[in-house]
Each structure stands twice: as structure tokens, then as C-alpha cells.
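A.B. asks: One structure follows; several queries about it will come next.
Numbering (the working numbering), first residue to last: 1 to 238.
Below you can see the structure in the form of C-alpha cells.
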């Protein structure tokens, strides 16, 4: 894990992300109530949290992550309404039904998409929203290489409809799905590849670098077979 944190040190993106796409998802849950409480879970260096805090200046936005250096980076030149909290995503300390918006990009897979939504639902107010990304198959035709890689890296990976069903099983109604554009992956992988090159001489980084390079090569070889999808959803009563 230390090698992984070091690999991502200084990178603006810790997963594929796109400002325009994130803003489009935020517009789908606007307007937020005055003084809204927003959690960005697995916030990393805070790209999404800063975007939300800038767009909704009267909201209380909390960026949550376990890695303190990432959160320190999130607070650099941050909007005044942004706060951080060192906390595991599977143990949110917020009271029941106290949050107006849960946001998480590129992180829910750590718990599993459905498990994450089930866990986070407790803190979301009835009728309030979650915007959570999930890695999904985008085509029915899939190369054996991609199937084999993701069977090992993320065995629970499904298609968009399958992920929608999981969100519904977790107590959310999906309002919209937005596929991250391919430019989001290019923007993520180019700096990561450069970081791999910069650390290649360090033997302690070999495993982390090899894993990252395999993933980058797979994306370039199978571009468009899979991708991140933003699920915009509302908490429903059971």
C-alpha cells in the first residue's frame, strides 16, 4: 500500500475523472437545500470536493479519505466551505439521515458498488441523492484479455444495467447514468505513466509500476470496452 501511495504522490488525478462530466452530474441534483451537507467519500486529493464547494458555496463539503497527504493536497487553495476528515469509507461517523448528497468517484469499488451504497445509505436523508461512479462493461463484445484482467482485478464488474440493479437493491433509484468520456482516461493515464517512468529505478516500486503499466496497456488495447459510469441516484424508502 505504501508503494501505491507513493506512485500516486503529486498526481492531480487518482482515477479517471472529467470536470465537465462531474459538473453535469452535479446539475442533476441541484438545487441543494441551503446549508447542505455533502460528503465526498474516498475523496483522494479532492478534485470533486473542490468542484462541489466552488459550485455550492453555502454547502458544508467534507472530503473523506484515509490518506492524510491526499487530504492535505485537497485543502491547498480550497474553497472556504471545504473541510476534510480522516476516516474509512466503510465506517462513516455521520448521524443517520444527516447528509444531503453523497459523492464518490473512482473509489466505491474498494467496498464493492452495492456494498458501498448500502453502507452509505444510512447517512443520506430520505429523498436526497448519491452520485457514485462504478467501473462497468460498456460493450457486449469483450476481448479475452480484458475479461481475464478484470476477472482478477475486479471480479464483481458488471454492465451498466447490472450496476443499476445493484443500486436499486441498495435502496436507491437511479435517475441518470453518465459515461465518463475517453479523455478522462487519457488525462489520468498520461501523468501516471510519467510517474511510473520516474520511479522505475526503485526496486521497491516494481510491483506497483508493473500493475499500473498493465492497466494502461489494457485500456489502450481495448479502448471503449469498459469505463467508469456516474450513477446519479436518489435514496428511496423501503
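Idealized CB from N, CA, C, for every residue including glycine.
Do residue 40 and residue 49 come within 8 Å of each other at the CB atom, strictly closer than that value?
C.D. replies: Sequence index remark: in the chain shown, residue 49 carries index 49 (1-based). Sequence index remark: in the chain shown, residue 40 carries index 40 (1-based). Yes, the pair counts as a contact, with Cβ atoms nearer than the cut-off.
A.B. asks: Out of 53, 92, 167, 89, which one is the CA nearest neighbour of residue 80?
C.D. replies: Taking the first residue of the chain shown as position 1, residue 80 is located at position 80. The option with the nearest alpha carbon to residue 80 is 53.
A.B. asks: Can you give the beta carbon distance from residue 20 to residue 46, rounded, assuming they're within the 8 Å contact cut?
C.D. replies: Sequence index remark: in the chain shown, residue 20 carries index 20 (1-based). Sequence index remark: in the chain shown, residue 46 carries index 46 (1-based). In fact, because the Cβ distance is near 18 Å, the residues do not count as touching under 8 Å.
A.B. asks: For my contact list, residue 123 and residue 130 are in at a C-beta cut-off of 8 Å; report their separation, rounded to the angstrom.
C.D. replies: As a first step, residue 123 is located in the chain shown; it is residue number 123 there, counting from the start. As a first step, residue 130 is located in the chain shown; it is residue number 130 there, counting from the start. So it is not a contact: roughly 10 Å between Cβ atoms.
A.B. asks: Starting from residue 189 and walking both ways along the alpha helix (DSSP H), at which residues does that stretch end?
C.D. replies: As a first step, residue 189 must be located in the chain shown, where it is residue number 189. Per DSSP, residue 189 belongs to the alpha helix (DSSP H) from 182-199.
A.B. asks: With a 10 Å radius around its C-beta and 16 neighbouring C-beta atoms as the bar for buried, classify residue 105 as buried or exposed.
C.D. replies: Taking the first residue of the chain shown as 1, we reach residue 105 at position 105. Answer is buried; the Cβ neighbour count reaches 16.
A.B. asks: Give the straight-line distance between the Cα atoms of residue 147 and residue 82, rounded to the nearest whole angstrom.
C.D. replies: Position 147 of the chain shown, counted from the first residue, corresponds to residue 147. Position 82 of the chain shown, counted from the first residue, corresponds to residue 82. Their backbone Cα atoms lie some 39 Å apart in a straight line.
A.B. asks: For residue 242, which residues does DSSP report across the bridge?
C.D. replies: The structure shown does not extend to residue 242, since the chain is modelled only from 1 to 238, so the question has no answer here.
A.B. asks: Could you spell out the range, first to last residue, of the alpha helix (DSSP H) harbouring residue 160?
C.D. replies: Locating residue 160 in the chain shown gives position 160, counting from the first residue. That run of the alpha helix (DSSP H) goes 160-169.
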